[in-house]
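> With mature numbering (1 follows the signal peptide of the UniProt record, and there is no 0) applied, the sequence shown covers -22 to -1, 1 to 123. Every residue gets a Cβ at the ideal spot worked out from N, C-alpha and C, and that includes glycine.
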Amino acid sequence: MIKRHSRPALLLALLPLAVALAAPVAARADDGEAKTNDDDPTINQQGFAINKILRVLQTNPDAAGDSCINALKEMHQAQTALGKEEGIDPEHNQDIGVARDVLSSEMEDVTNMCGADARTYCRKATTHLDPKLTAACNALPAEED
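#1: Given residue 108, which residues of its chain have a CB within under 6 Å of its CB, disregarding the five upstream and five downstream residues?
#2: Under 8 Å: do the region 31 to 43 and the region 73 to 93 share three or more Cβ pairs, one atom per stretch?
#3: Could you tell me if the beta carbon of residue 20 falls within a distance shorter than 7 Å of some heavy atom in the ligand MN?
#4: Assuming contact is defined by CB atoms lying nearer than 8 Å, are residue 100 and residue 81 in contact in what I supplied?
#5: Apply the 10 Å Cβ neighbour rule to residue 27 and answer buried if 16 or more other Cβ atoms are within range, or exposed otherwise.
#6: How is residue 69 classed by DSSP in three states: helix, strand or coil?
#7: Rounding to the nearest angstrom, what Cα-Cα distance links residue 55 and residue 102 in this structure?
#8: In its own chain, which residues sit with a C-beta less than 8 Å from the C-beta of residue 98, not counting the 5 before and 5 after it?
#9: Exposed or buried, what is residue 77 when buried is set at 16 or more other beta-carbons lying within 10 Å of its beta-carbon?
#10: Within this structure, are the beta carbons of residue 87 and residue 52 separated by less than 8 Å?
#11: What is the C-beta distance between residue 31 and residue 85, in whole angstroms, given that I count them as a contact (C-beta under 8 Å)?
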């Protein structure tokens, strides 16, 4: 079980992981905009949505609940597994599709669980004195039904 006082450190430690999720599947243009990789644009899109969510939670890591933290850990494990599969000859590796499906599922969990925490925090922080927080809250992905 994660202790309450360790959440900020854990969330901040996992933030670079989420940012790095897009690295294998996205290329950055010179202007800083991310491009979608033709191999798997779904994972790329999910990674950018997660990054937006984590920008909010980074302003107050205590806003991330246990389910969010656990989902981030599971996503990290799936990302590691995909990285290993990508290291094998992709033309002859049938498991890479399974690894991508698992990662996509874990990313969806992060989006749902951490997204709920981020939205709750944005609603409670009604006086957004920090323009970065206001921008991060406004950039959150739309809530799925």
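On the basis of the coordinates in this document:
#1: none
#2: yes
#3: For the ligand MN, the structure offers nothing, since it holds no ligand at all.
#4: no
#5: buried
#6: helix
#7: 32 Å
#8: 41
#9: buried
#10: yes
#11: At roughly 11 Å, the Cβ-Cβ gap does not stay under 8 Å, so residue 31 and residue 85 are not in contact.
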